[in-house]
Amino acid sequence: ISADGSPMAILLPATVNQFYQTAEDYNQLWLISTLIRVLRLLAMPLATFLPGFHVALLSFHPEIMPRDLLLSIMASREGLPFPIFVEAFVMIVTIEILQEAGVRLPSVLGKTIGIVGALIIGQAAVAARITSDTMIIVIAITTIASFAIPSHTFELSLRFIRFGVLLLGSTLGMFGIFISLCLL
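Throughout the sequence shown, residue numbering follows this note's numbering, covering 3 to 186 in sequence.
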């Protein structure tokens, strides 16, 4: 598909596997390329489902988690002013803003500001008792996993899907996560 005035063209149909292939994969040993692709494939569910899964577990199904881990998470959440859904939503939106700001800046400066900004905002949010340590870890893993996806357009679509998964996970628990998985 080519649109008038656009320098880009889209090839259809496409499979999910094509979004994980890069030109560098063909210049390496097949074993290394396969392992890297497997890591990329593991990054997709982390980037898409981890925040919604975390919110669903803590909101609806805390009995699934090991007792020591649950006590540690609940201790870090003690005294926070927002429900876990609001906390996750605000942190995801903040990271999305930082990522978009990093894209608009020169390449070296943009990446540096993205990383340093995320560290500073995360540390300040935990110190101000706006968010918990575990939410910072979940959002950091989600963000790093989204960087492992080589196709920028595919990663953008996963960003929007992440918000839907978070909404379903926070309203319906694990049932909402499975509904979102079935819809995908």
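All residues carry an ideal CB built from backbone N, CA and C; glycine is no exception.
Quick check on this structure: which residue in the options has the alpha carbon closest to the alpha carbon of residue i?
i: I94; options: L168, Y22, M46 and R39; result: L168
i: L82; options: I151, M137 and S182; result: M137
i: S148; options: A45, A25 and F21; result: A45
i: L41; options: I181, S172 and P152; result: P152
i: L121; options: I141, L170 and E102; result: I141
i: I117; options: I146, A150 and I34; result: I146
i: T24; options: S35, L31 and P15; result: S35
i: A130; options: L14, S78, T17 and C184; result: S78
i: I181; options: L48, P15, A58 and V18; result: A58
Mind checking who residue i pairs with in its DSSP beta bridge?
i: S4; result: A11
Tell me which residue opens and which closes the alpha helix (DSSP H) that residue i is part of.
i: V88; result: I86 to R106
i: E65; result: First-last for E65: undefined, no H or E at that position.
i: R164; result: H154 to L174
i: F21; result: It is not in any alpha helix (DSSP H) - F21 carries neither H nor E in the DSSP assignment.
i: A150; result: Careful: A150 lies outside any alpha helix (DSSP H) and carries neither H nor E.
Anyone know if the C-beta pair for residue i and residue j falls short of 9 Å?
i: H56; j: I86; result: yes
i: F21; j: F177; result: no
i: I163; j: G171; result: no
i: Q133; j: E65; result: Note that residue 133 is Thr in the sequence shown here, rather than Gln. For T133 and E65, no; Cβs fall outside 9 Å.
i: Y123; j: L52; result: Residue identity check: residue 123 is Ile in the sequence provided, not Tyr. No. Outside cutoff.
i: I12; j: D27; result: no
i: I115; j: A103; result: yes
Is there a Cβ from chain D that is less than 9 Å from the Cβ of residue i?
i: S8; result: Any reference to chain D falls outside this structure, which holds one protein chain only.
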